[in-house]
Every structure is written in C-alpha cells, then in structure tokens.
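So the sequence shown is numbered by this note's numbering: it starts at 40 and just counts up by one.
Okay, so here's the structure we're looking at.
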Amino acid sequence: MTQYTSTNDERESALQREYMQKAAGYVSDLRENLGRSPRCCVVTFGCQMNARDSEKLLGILTQIGYVSTDKEEEADFVIYNTCTVRDNANQRVYGRLGFLNNLKSKKPHLKIALCGCMMQEQSVIEKIKKSYRFVDLIFGTHNIFKLAQLLVTMFENQEMIIDIWQETDQIVEELPVSRKYPYKSGVNIMFGCNNFCSYCIVPYVRGRERSRDPKEIIREIERLVADGVVEVMLLGQNVNSYGMNLDVPMSFAQLLQEVEQIDGLKRIRFMTSHPKDLSDELIEVMKKSDKICRHLHLPLQAGSDRILSAMNRRYTKAQYLSLVDKIKSAIPDIAITTDIIVGFPGETLQDVEETIDVVRRVQFDNAFTFIYSKRTGTPAAAMENQVSDAVVREGFDKLLKTVQDTARERAALLQGQTMEALVEEVNEQDSSLMTGRLSNNMLVHFPADQSMIGQLVDVSLDVCHGFYYTGHIV
Ligand code: SAH
Ligand code: SF4
Ligand code: F3S
40 MTQYTSTNDE
50 RESALQREYM
60 QKAAGYVSDL
70 RENLGRSPRC
80 CVVTFGCQMN
90 ARDSEKLLGI
100 LTQIGYVSTD
110 KEEEADFVIY
120 NTCTVRDNAN
130 QRVYGRLGFL
140 NNLKSKKPHL
150 KIALCGCMMQ
160 EQSVIEKIKK
170 SYRFVDLIFG
180 THNIFKLAQL
190 LVTMFENQEM
200 IIDIWQETDQ
210 IVEELPVSRK
220 YPYKSGVNIM
230 FGCNNFCSYC
240 IVPYVRGRER
250 SRDPKEIIRE
260 IERLVADGVV
270 EVMLLGQNVN
280 SYGMNLDVPM
290 SFAQLLQEVE
300 QIDGLKRIRF
310 MTSHPKDLSD
320 ELIEVMKKSD
330 KICRHLHLPL
340 QAGSDRILSA
350 MNRRYTKAQY
360 LSLVDKIKSA
370 IPDIAITTDI
380 IVGFPGETLQ
390 DVEETIDVVR
400 RVQFDNAFTF
410 IYSKRTGTPA
420 AAMENQVSDA
430 VVREGFDKLL
440 KTVQDTARER
450 AALLQGQTME
460 ALVEEVNEQD
470 SSLMTGRLSN
480 NMLVHFPADQ
490 SMIGQLVDVS
500 LDVCHGFYYT
510 GHIV
C-alpha cells in the first residue's frame, strides 16, 4: 500500500499514544494466556540510524507491556530491523528468517515483523509474500512511529499486514524510546539523503533529506541529559548539509554550537560527514569546542578521480587531501576514519593504487573497507564494466593491509599518554576490566568497578595492542 501524508506531527503522536493503549490491551490478554509477561526481541541489522530506530520500536513495545529479550528463541514477538546497503545484509535476513520459521512451527503464537530499509524495495516484498508466508507484519522506514497502530491491526487480523510508504514529509516525535545505553544516545538531526552516490541505495530507501527543527533537537538532548546521558551522537547520512532546507536555514556548525551550550552534556559526536559539504566554519567550531570529540568520520570511498566522478561523490583526490590537511593543521589531535569501496564498476588495480596512496598520505586512524555490492535500481548497477571477483580480491587485500598498517602506526603514537575515557561497559573477555572510549573513538581496557559506567576518567594508555589499549586509571 502506498500512502502520502502531511498530517500534523503532534496530532499523529497523540493518535499513536491512543493506539498504544489499545495494543496494551491485546498484550495484556496475551499475558493472561501465557501466564507470564510476553517477550519481544528487536534485532538491528544496519547502521546507527537503524539502531536508533530499533530503540524507538523497543520504546513502544515495552510501553505496551512487552519485556525485552536478546534471545529470539525466547521471544513471543520478533522484529527484524533490516538493512540493504550491501547484499550480504539482505542474505543475513533471509538466512535468519528460515530459523524463525522453525521457531514458529514449534510456537504458533510467535509473531514476526520485518521493517527497515530492505522493506522499501518492491522486489523484497514480492519475495517475502511468495516464499516467507509466515511473516505477520511488514513496514518500512517512514512509518516506524506507527508500530502500535500496526500491532493492533496485526492482532485483529490473521493475514500478513503490509504497510510501506514511498516517501513522507512527516517527522513524528514524542513517542517512547528505550535506550540501549543509559549514558549515551544517538539523536537524529536529519533523515534521508539527497546525494545519490551512484552505488548507493540509501536515498531510495530513506527518502529525501529532511532536517529536524533545531529547537526539537535541543529539547530532546536536554531531556536525555536530565535522564543521565553524557554523550550524544548526532545522526544523519550527511550531517554537513543539516539545516539547508529548514524554514529558517541554519548550518550544522551553528547547531553544534547550540548543542555545546547544554549544561551537563560532556561529549558530542556526529555521523556522517560528506567531504563535499564540510565547511571551514565546522572546522573552526570543532577546534574551539571542549565537548566535540576529536574524531571525524570522513568517507573517502575511492582515491581515483575517474572513479570518484563515476561514483558522483563531487570531490577529487586532491580536494579530499587538502581538506584533510586543513583539518589536521587546525586540530592536530584529531582522529580521522573513513569508508572505502573496492570494485566499483570500471575500477582497475591502478585506481586502487590511488586509493592506497590516499590511505598512506592521510594515515587514517581506522577505515572500513567494503567490496562493492550491486544494488538494483542504482545507476552503478546498470554500468557495464562490473569488475571480476579476482581483481576485486587482489585490490581489496592490498588495500586492507595498508589500512591496517597505517592504523597500527597511528595507534602506537599514543602509547604512554594519559587521556580521558568514558567508561562504557564490562570487558567481554575479562570481567575485572572495564572498557572505555577515548575522545578519538579508540577503546582502552583497564581495571575498574562496574559502578563507574557512564563516568569520565583519566586513563594512562600503557600498552597499545594494535587497535586498542590496555591501561590504568590515574
Ligand atoms: N551516508 C554515509 C554512508 C552510508 S552507507 C556516507 O555518505 O558516508 C555506509 C557505507 O557503506 C558507505 O560509506 C559506503 O562505503 C558503503 N556502501 C554504500 N553502498 C555500497 C555498495 N553498494 N557497495 C559497497 N559498499 C557500499
Ligand atoms: Fe549513500 Fe552517498 Fe547518501 Fe552516503 S551520501 S547515504 S553514500 S548516497
Ligand atoms: Fe543504514 Fe543500512 Fe538503511 S546502512 S540507512 S540501515 S540501508
């Protein structure tokens, strides 16, 4: 079903709160039947924005009476919040759906919902309708705020419910959110993307760029801080173009300055910056700030001008390098991380050498390297000169080695220094250690007590282990 809407936000959130009450009635019936609280499991497959959406879904589910579990096999309701940026994300979903089908045959009252970016693709919906009939509810990226209403429909019907919107100009706030971490939170500052990089499906599944009203962003962060949050991550596909389409335009740098004023907030991060829109004003604001972390994620994607142009990235290798120079000379202690794609149509090993050259010159603190994945409907998918697996492998392996070597060298430079870390969680391998995150986004493990989670402490980075440190509180 396709719907277009321009309903008033506040009216919509009030309506959804009514549906939450109604849905709570059904969940309460279920509790009586089961003789215990019904359990829900929300599984996140995608990026930080996808994870933030999961927190919103879980907020609604716990509000109406579900108890959250990480174990799908224990759940009475499972939601897969999907990603479609690369094909392997899709394959993971199909694989795990087979497992859910098994669970459902043993536990017929199990309800299964699919949402997120993958559901915005018509071909996916057709496939699920045909081969995954046991799915109860499907919705997309534009209408997650409607979960309670959709659940009511699901409880009142037997057949598969599908509600996918192609677009929306609606931003619905003021609904419950269940945060994964008490001390840090993502905050959406914008939705969608207008950049149409030629390989990327995100603009098609997330719609056009929409910035949130700065007052609402500030209000949300103030509330988070009152609730114990010390670090926020401002989220958008291209935060550097924040505010351009607001009634009263505002730059991202201006927004950051306002966020900086919030008392009690200790750290500010943001994701993702597009190199073409990164302004001098932003560099200046970061340089002066006490709260903005010394980390910039600046996706490069490729180093060859020919490939950058075919990717529609709208910068050249030289422009990228001079931007990095400018940033590093203004903020010498900044960590720069990146995303790189290998195997874009037409890319030769010579082109990959250009990428490797950028990696050597910039000395990225970390880089996520991806093999190009053909996404149906994007301009690159129709390009004829797709690269053979063998050539992709060769370029990828060489790039990865350079990325790892330079990241190790960068990390080693900080050994012996003392830096501030936010205590995040108990170390997975050794429960006598806590894991902290430095301003530059690196992790350090050190002896400490669980009661320190959420606090900022000074830690000596005693030993560098390549991509993380061990140390002690000073
Ligand atoms: N808006 C962000 C990126 C979102 S997607 C930005 O512009 O940086 C995260 C990363 O996935 C991208 O940076 C890119 O490196 C990678 N990616 C996107 N589409 C891809 C594709 N078709 N194949 C392989 N990697 C892809
Ligand atoms: Fe995709 Fe480019 Fe938009 Fe990032 S900026 S989400 S890579 S289209
Ligand atoms: Fe994120 Fe994947 Fe969607 S990267 S925006 S969840 S396609």
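A virtual CB, placed ideally from N, CA and C, is assigned to each residue, including glycine.
**Request:** Could you name the residues of the same chain whose beta carbon sits closer than 7 Å to that of residue 365, not counting the 5 residues immediately before and after it, in chain order?
**Result:** Taking the first residue of the sequence shown as position 1, residue 365 is located at position 326. Cβ within range, chain order: 322.
**Asked** Between which two residues does the beta strand (DSSP E) carrying residue 515 extend?
**Response** The requested residue 515 does not occur in the structure, where the chain is confined to residues 40 to 513.
**Message:** If you reduce the DSSP assignment to three classes, tell me which class residue 514 lands in.
**Reply:** Outside the shown range of the chain (40 to 513) lies residue 514, about which nothing can therefore be said.
**Prompt:** Using DSSP with H/G/I as helix, E/B as strand and the rest coil, what is residue 325?
**Reply:** Counting from one through the sequence shown, the residue named residue 325 turns up at place 286. Three-state DSSP puts residue 325 in a helix.
**Message:** With distance defined between alpha-carbon atoms, name the residue in 416, 237, 151, 127 nearest to residue 113.
**Reply:** Translated into positions along the sequence shown, residue 113 becomes position 74. Ranking 416, 237, 151, 127 by Cα distance to residue 113 puts 151 first.
**Residue burial classification, residue 128 (beta-carbon count within 10 angstroms, cutoff 16)** = In the sequence shown, the residue the question calls residue 128 occupies position 89. The residue in question, residue 128, is buried, as its Cβ has 16 or more Cβ neighbours within 10 Å.
**Request:** Jot down the residue ranges of each uninterrupted alpha helix (DSSP H) in the region 406-454, minimum 4 residues, whole runs only, in chain order.
**Result:** 428-451
**Residue environment, residue 464, which counts as buried when at least 16 other CB atoms sit within 10 Å** = As a working note, residue 464 is residue 425 in the sequence shown. Exposed is the call here.
**Message:** Quick check: does the Cβ of residue 272 come within less than 6 Å of any heavy atom belonging to the ligand F3S?
**Reply:** The sequence position of residue 272 within the sequence shown is 233, counting from 1. Result no, Cβ not under 6 Å from the ligand F3S.
**Request:** Check whether the Cβ of residue 226 sits closer than 6 Å to any heavy atom of the ligand F3S, and report yes or no.
**Result:** Along the sequence shown, read from residue 1 onward, the residue named residue 226 stands at position 187. The answer is no for residue 226.
**Asked** Going straight from the alpha carbon of residue 470 to that of residue 399, what length do you get?
**Response** The count along the sequence shown starts at 1 and reaches residue 470 at position 431. The count along the sequence shown starts at 1 and reaches residue 399 at position 360. Their Cα atoms are separated by approximately 37 Å.
**Request:** Can you tell me the Cβ-Cβ gap for residue 115 and residue 69, rounded? I've got them flagged as a contact below 8 Å.
**Result:** The residue given as residue 115 occupies position 76 in the sequence shown. The residue given as residue 69 occupies position 30 in the sequence shown. Indeed they touch by this definition, with Cβ atoms about 7 Å apart.
**Message:** With the cut-off set at 7 Å, would you say residue 306 and residue 330 are in Cβ contact?
**Reply:** Looking up residue 306 in the sequence shown gives position 267. Looking up residue 330 in the sequence shown gives position 291. Yes, the Cβ-Cβ distance between residue 306 and residue 330 is below 7 Å.
**Message:** Within the continuous beta strand (DSSP E) that includes residue 459, where are the two ends?
**Reply:** Start at 1 with the first residue of the sequence shown, and residue 459 comes out as number 420. Segment 457-465, the beta strand (DSSP E) holding residue 459.
**Asked** Distance, Cα to Cα, residue 40 vs residue 303?
**Response** As a first step, residue 40 must be located in the sequence shown, where it is residue number 1. As a first step, residue 303 must be located in the sequence shown, where it is residue number 264. Residue confidence for residue 40 is low, a pLDDT of 28 falling below 50, so the modelled location carries little weight; the figure read from the coordinates is stated next. The alpha-carbon atoms of residue 40 and residue 303 are separated by roughly 45 Å.
**Message:** Considering only DSSP beta bridges, list what residue 154 is partnered with.
**Reply:** Against the sequence shown, residue 154 aligns to sequence position 115. For residue 154, which the question treats as bridged, DSSP gives the partners 120.
**Item:** DSSP-derived helix/strand/coil call for residue 168
**Value:** By one-based count along the sequence shown, residue 168 stands at place 129. Helix, per DSSP.
**Message:** Just to confirm, is the Cβ distance from residue 333 to residue 378 under 7 Å?
**Reply:** Residue numbering aside, residue 333 sits at position 294 when the sequence shown is read from its first letter. Residue numbering aside, residue 378 sits at position 339 when the sequence shown is read from its first letter. No, these two residues do not count as a Cβ contact at 7 Å.
**Inter-residue spacing [alpha-carbon to alpha-carbon] between residue 544 and residue 212** = Residue coverage of the chain in this structure runs from 40 to 513, which leaves residue 544 outside it and unanswerable.
**Message:** Excluding the 5 residues flanking residue 132 on each side, which residues of the same chain have their C-beta closer than 7 Å to its C-beta?
**Reply:** One-based indexing of the sequence shown puts residue 132 at position 93. Result list for residue 132: 84, 119, 121, 157, in chain order.
**Prompt:** Just how far apart, CA to CA, sit residue 232 and residue 269?
**Reply:** Working through the sequence shown from its first residue, we reach residue 232 at position 193. Working through the sequence shown from its first residue, we reach residue 269 at position 230. Going by the C-alpha atoms only, they are around 28 Å apart.
**Asked** Using the C-alpha atoms, what's the distance from residue 144 back to residue 43?
**Response** For the purposes of this step, residue 43 is taken as the residue at position 4 of the sequence shown. For the purposes of this step, residue 144 is taken as the residue at position 105 of the sequence shown. Confidence in residue 43 is poor, its pLDDT being 29 and thus under 50, which makes the residue's placement unreliable; the coordinate value appears in the next sentence. Their Cα atoms are separated by approximately 37 Å.
**Asked** Can you find at least 3 beta carbon pairs, one from the region 411-423 and one from the region 235-242, that sit closer than 8 Å?
**Response** yes
**Message:** If contacts are defined as beta-carbon pairs under 8 Å, then residue 353 and residue 315 qualify, I think. What distance do you get, rounded to the angstrom?
**Reply:** Residue mapping note: residue 353 aligns to position 314 of the sequence shown, counting from 1. Residue mapping note: residue 315 aligns to position 276 of the sequence shown, counting from 1. With a Cβ gap of about 5 Å, residue 353 and residue 315 count as contacting.
**Message:** Considering only the alpha carbon of each residue, which of 468, 230, 338 lies closest to residue 404?
**Reply:** Position 365 of the sequence shown, counted from the first residue, corresponds to residue 404. The candidate whose alpha carbon is nearest that of residue 404 is 338.
**Message:** Any residue with its C-beta under 6 Å from a non-hydrogen atom of the ligand SF4 counts. Can you list them all in chain order?
**Reply:** 232, 234, 235, 236, 239, 241, 242, 276, 277, 313
**Message:** Using CA atoms only, rank isn't needed, just tell me which of 348, 375, 362 is closest to residue 390.
**Reply:** In the sequence shown, the residue the question calls residue 390 occupies position 351. Ranking the options by Cα distance to residue 390, first place goes to 348.
**Message:** Quick check on the DSSP output: what are the complete beta strand (DSSP E) runs of length 3 or more inside the region 231-309, in order along the chain?
**Reply:** 270-274
**Request:** Ignoring anything shorter than 4 residues or poking outside the region 167-232, list the alpha helix (DSSP H) runs there in chain order.
**Result:** 186-195
**Asked** Taking just the CA atoms, how far does residue 166 sit from residue 198?
**Response** What you label residue 198 is simply residue 159 of the sequence shown in a count that begins at 1. What you label residue 166 is simply residue 127 of the sequence shown in a count that begins at 1. Going by the C-alpha atoms only, they are around 16 Å apart.
**Asked** From residue 432 to residue 99, what does the alpha carbon distance come to, in whole angstroms?
**Response** Counting from one through the sequence shown, the residue named residue 432 turns up at place 393. Counting from one through the sequence shown, the residue named residue 99 turns up at place 60. Taking the straight line joining both Cα atoms gives about 44 Å.
**Request:** Have a look at residue 155 and residue 455 and give me their C-alpha separation to the nearest angstrom.
**Result:** In the sequence shown, the residue the question calls residue 155 occupies position 116. In the sequence shown, the residue the question calls residue 455 occupies position 416. The alpha-carbon atoms of residue 155 and residue 455 are separated by roughly 44 Å.
**Cβ shell of residue 206 (< 6 Å), same chain only, five flanking positions each side left out** = Against the sequence shown, residue 206 aligns to sequence position 167. Within the same chain, residue 206 has close Cβ partners 246.
**Request:** Give a single yes or no on whether residue 229 has its beta carbon closer than 6 Å to a heavy atom of the ligand F3S.
**Result:** To locate residue 229, count along the sequence shown from 1; it is residue 190. No - the ligand F3S has no heavy atom lying nearer than 6 Å to the Cβ of residue 229.
**Item:** Length of the line joining the Cα atoms of residue 56 and residue 276
**Value:** Taking the first residue of the sequence shown as position 1, residue 56 is located at position 17. Taking the first residue of the sequence shown as position 1, residue 276 is located at position 237. Their backbone Cα atoms lie some 29 Å apart in a straight line.
**Message:** In whole angstroms, give me the CA-to-CA distance for residue 505 and residue 423.
**Reply:** Counting from one through the sequence shown, the residue named residue 505 turns up at place 466. Counting from one through the sequence shown, the residue named residue 423 turns up at place 384. Cα-Cα distance, rounded: 40 Å.
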